[in-house]
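Enquirer: The structure's right below; bear with me while I get my questions together.
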Amino acid sequence: MDKYLHGRFSNFSRAMIQRQIGAGGVKVNGKIVKPSFKLSPGDTIDLTLPQLPSKEIEPEDIPLNIIYEDEDIIVLNKQADMVVHPARSNTHGTLVNALAFYADKLSSGLGEFRPGIVHRLDKDTTGVMVATKNEGAQWRIAKQFERRQVDKSYLAIVHGVPELTADRISAPLGMHPRVREKYAIRPGIGKESITFYEVVESFRGFSLLKLTPKTGRTHQIRVHLSYIKHPIVADDMYGGKLVYPWQLKDAETAVEEPIISRFALHASTLEFKHPTTEKVVKFEAPLHEDMQNLLDMLRKYRKS
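Here is the structure:
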């Protein structure tokens, strides 16, 4: 089996193909096989091969906040103002550039310019992410995301206090009809999108919410919270406003910097099966300083 596939896909090393087969990434007639499996005429092969690392990815010495690391995975607390993977508008300073510097042998991801990446966060969303270090780990974890077997929770500070302390938001998402980089609720044509929320703490005019998305649409949490009229603080794309210290203190207008200059959304926990041990692992990332400062000020000046 491995010899045949290496002949068909010579740009992949035979060792890489063997690892992919061993990881369960190749099926023959619907069944997982071993590298030594002998093919017969008429066999149907179903395989998943990672994209080879792009030579255009430039390693960059960018500090990483590593929560956990072993031979298969690296779990990170992503900083704000960092794009996950390079694109035309962001060719440098990305998480992929940082990972490429940190580990030259990090496996490539599922799409172009995504070495080791199996999921992503928005540029200004902080928090927990997992990256893979080999093809087998990448395939196994990517499958978990694809099958919605990964549990994720987020924390957000929003404007207002929801009437219900916990609820389910179900509203289909699609591209905004006029604004290219924006998403919107699109009844009838959008994709199914479900988010559960729970009020963790409420203040005068603001709330701290725990959010559990059951689907993984782009901008899902941000759009859903805007949809229920509780946009995320500082998320100007979806109706959130900047918050200044004088506003929380009910003081007169003063020239001050906003407490937080990016939208207040943080990936708090991530739970999945370890790609090698198959044991369920859960990781948690503490709030970053800017969001923690906002929360501290709300507790001090806006307690209900």
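With the sequence shown counted from 1, adding 30 to any position gets you the working numbering.
Glycine included, C-beta positions come from ideal geometry on N, C-alpha and C.
By the DSSP assignment, the beta strand (DSSP E) with I289 in it spans what residues?
Expert: Numbered from 1 along the sequence shown, position 259 holds the residue referred to as residue 289. I289 -> no beta strand (DSSP E), and no H or E assigned at all.
Enquirer: Starting from L126, trace the alpha helix (DSSP H) in both directions and tell me its first and last residue.
Expert: Position 96 of the sequence shown, counted from the first residue, corresponds to residue 126. Here the sequence assigns Val to residue 126, which means Leu is not the residue at that position. First-last of the alpha helix (DSSP H) with V126: L125 to Y132.
Enquirer: With a cut-off of 8 Å on the beta carbons, I'd call I97 and A264 a contact; round off their distance for me.
Expert: Working through the sequence shown from its first residue, we reach residue 97 at position 67. Working through the sequence shown from its first residue, we reach residue 264 at position 234. Going by Cβ atoms, the distance from I97 to A264 rounds to 25 Å, so no, they are not a contact pair.
Enquirer: Starting from D320, trace the beta strand (DSSP E) both ways and give me its first and last residue.
Expert: Sequence index remark: in the sequence shown, residue 320 carries index 290 (1-based). D320 -> not in any beta strand (DSSP E); alpha helix (DSSP H) instead, spanning E319 to Y331.
Enquirer: Compare the Cα-Cα distances from L77 to each of D32, V105, I289 and I219 and report the closest residue.
Expert: On the sequence shown, position 47 is the one that residue 77 refers to. The shortest Cα separation from L77 among D32, V105, I289 and I219 belongs to D32.
Enquirer: Following the continuous alpha helix (DSSP H) through Y257, name the residue where it begins and the one where it ends.
Expert: Here residue 257 refers to the residue found at position 227 when the sequence shown is read from its first residue. From DSSP, the alpha helix (DSSP H) with Y257 extends over Q250 to Y257.
Enquirer: Exposed or buried, M321, counting other C-beta atoms within 10 Å across all chains shown (16 or more means buried)?
Expert: As a working mapping, residue 321 is identified with position 291 in the sequence shown. M321 is buried by the Cβ-count criterion.
Enquirer: For H206, I'd like the list of residues in its chain whose CB is within less than 7 Å of its CB, leaving aside the five on either flank, ordered along the chain.
Expert: Counting from 1 along the sequence shown, the entry for residue 206 is found at position 176. Counting only Cβ-Cβ distances below 7 Å, and skipping sequence neighbours, we find K212, Y213 and A214.
Enquirer: Return the first residue and the last residue of the beta strand (DSSP E) that G60 is part of.
Expert: Taking the first residue of the sequence shown as 1, we reach residue 60 at position 30. That residue, G60, is in no beta strand (DSSP E); it is neither H nor E in DSSP.
Enquirer: To the nearest angstrom, how far is it from the Cα of K221 to the Cα of H249?
Expert: In the sequence shown, the residue the question calls residue 221 occupies position 191. In the sequence shown, the residue the question calls residue 249 occupies position 219. Their backbone Cα atoms lie some 13 Å apart in a straight line.
Enquirer: Determine which residues share a DSSP beta bridge with F67 and list them.
Expert: Within the sequence shown, residue 67 is the residue found at index 37, counting from 1. DSSP lists no partner for F67.
Enquirer: Please go through the same chain and pick out, in chain order, the residues whose beta-carbon is closer than 6 Å to the beta-carbon of V335, but skip the five residues on each side of it.
Expert: Any answer about residue 335 is impossible in this case: the structure gives the chain only from 31 up to 334.
Enquirer: With DSSP as the reference, label E231 as helix, strand or coil.
Expert: On the sequence shown, residue 231 is found 201 positions in, with the first residue counted as 1. Correct three-state label for E231: strand.
Enquirer: Taking one C-beta from the segment 253-261 and one from the segment 154-162 each time, how about it: are there three or more such pairs within less than 8 Å?
Expert: These segments do not touch.
Enquirer: Give me whichever residues DSSP pairs with L185 in a beta bridge.
Expert: As a first step, residue 185 is located in the sequence shown; it is residue number 155 there, counting from the start. L185 pairs with K240 and H296.
Enquirer: Take R178 as the anchor and find which of K259, T195 and K303 has the nearest alpha-carbon.
Expert: Indexing the sequence shown from 1 puts residue 178 at position 148. Taking only the C-alpha atoms, the option nearest R178 is K303.
Enquirer: For the putative contact between L151 and K108, defined by C-beta atoms under 8 Å, what is the C-beta separation to the nearest angstrom?
Expert: For the purposes of this step, residue 151 is taken as residue 121 along the sequence shown, with counting starting at 1. For the purposes of this step, residue 108 is taken as residue 78 along the sequence shown, with counting starting at 1. Their Cβ separation, rounded to whole angstroms, is 6 Å, which keeps L151 and K108 in contact under 8 Å.
Enquirer: When DSSP labels each residue in this structure, what does K271 get in the three-state scheme?
Expert: As a first step, residue 271 must be located in the sequence shown, where it is residue number 241. Here K271 sits in coil by DSSP.
Enquirer: Per DSSP, which one or two residues make a beta bridge with T245?
Expert: The sequence position of residue 245 within the sequence shown is 215, counting from 1. BP columns for T245 are empty, so no partner.
Enquirer: Between I219 and R198, is the Cβ-Cβ spacing less than 9 Å?
Expert: Your numbering for residue 219 matches position 189 in the sequence shown. Your numbering for residue 198 matches position 168 in the sequence shown. It is not a contact, given that the beta carbons lie outside the stated cut-off.
Enquirer: Leaving out five residues before and five after V113 in sequence, what residues of the same chain have Cβ atoms less than 8 Å from its Cβ?
Expert: Mapped onto the sequence shown, residue 113 falls at position 83. Answer for V113: N120, G123, T124, L125 and K153, listed in chain order.
Enquirer: Determine the extent of the alpha helix (DSSP H) in which E99 is found, giving its start and end residues.
Expert: Your numbering for residue 99 matches position 69 in the sequence shown. Here E99 belongs to no alpha helix (DSSP H); instead the beta strand (DSSP E) covers I96 to E99.
Enquirer: Could you give the first and the last residue of the continuous alpha helix (DSSP H) run that contains E176?
Expert: In the sequence shown, residue 176 corresponds to position 146, counting from 1. It spans E165 to E176 - the alpha helix (DSSP H) in which E176 sits, taken as one unbroken run.
Enquirer: For G246 and S200, what's the separation of their Cα atoms in angstroms?
Expert: Within the sequence shown, the letter at position 216 stands for residue 246. Within the sequence shown, the letter at position 170 stands for residue 200. The alpha-carbon atoms of G246 and S200 are separated by roughly 13 Å.
Enquirer: Leaving out the 5 sequence neighbours to the left and right, which residues in its chain are closer than 6 Å to K244 when beta-carbon positions are compared?
Expert: Within the sequence shown, the letter at position 214 stands for residue 244. Excluding positions up to five away in sequence, the list reads I224.
Enquirer: Would you kindly check if the distance between the Cβ of H318 and the Cβ of A110 is under 9 Å?
Expert: Here residue 110 refers to the residue found at position 80 of the sequence shown. Here residue 318 refers to the residue found at position 288 of the sequence shown. It is a contact, given that the beta carbons lie within the stated cut-off.
Enquirer: In angstroms, rounded to a whole number, what distance separates the CA positions of P305 and I171?
Expert: Residue mapping note: residue 305 aligns to position 275 of the sequence shown, counting from 1. Residue mapping note: residue 171 aligns to position 141 of the sequence shown, counting from 1. Those two C-alpha atoms are separated by around 6 Å.
Enquirer: Can you give the Cα-Cα distance for Y274 and T299, rounded to whole angstroms?
Expert: Residue mapping note: residue 274 aligns to position 244 of the sequence shown, counting from 1. Residue mapping note: residue 299 aligns to position 269 of the sequence shown, counting from 1. Their backbone Cα atoms lie some 28 Å apart in a straight line.
Enquirer: Where DSSP assigns a beta bridge to I92, which residues make up the other side?
Expert: By 1-based counting over the sequence shown, the position of residue 92 is 62. I92 is not bridged to any residue.
Enquirer: Is Q50 near G204, with beta carbons less than 9 Å apart?
Expert: Walking along the sequence shown from the start, residue 50 turns up at place 20. Walking along the sequence shown from the start, residue 204 turns up at place 174. It is not a contact, given that the beta carbons lie outside the stated cut-off.
Enquirer: Since V148 and F175 should fall inside the 8 Å C-beta cutoff, what is the C-beta to C-beta distance between them, to a whole number of angstroms?
Expert: As a working note, residue 148 is residue 118 in the sequence shown. As a working note, residue 175 is residue 145 in the sequence shown. Indeed, because the Cβ distance is near 6 Å, the residues count as touching under 8 Å.
Enquirer: On the criterion of 16 or more Cβ atoms from any shown chain inside 10 Å, does P261 qualify as buried, or is it exposed?
Expert: By one-based count along the sequence shown, residue 261 stands at place 231. Looking at its Cβ environment, which holds 16 or more other Cβ atoms inside 10 Å, P261 is buried.
Enquirer: Checking the sheet assignment: what are the DSSP bridge partners for I51?
Expert: Position 21 of the sequence shown, counting from 1, holds the residue named residue 51. Answer by DSSP bridge pairing: none, since I51 is not bridged.
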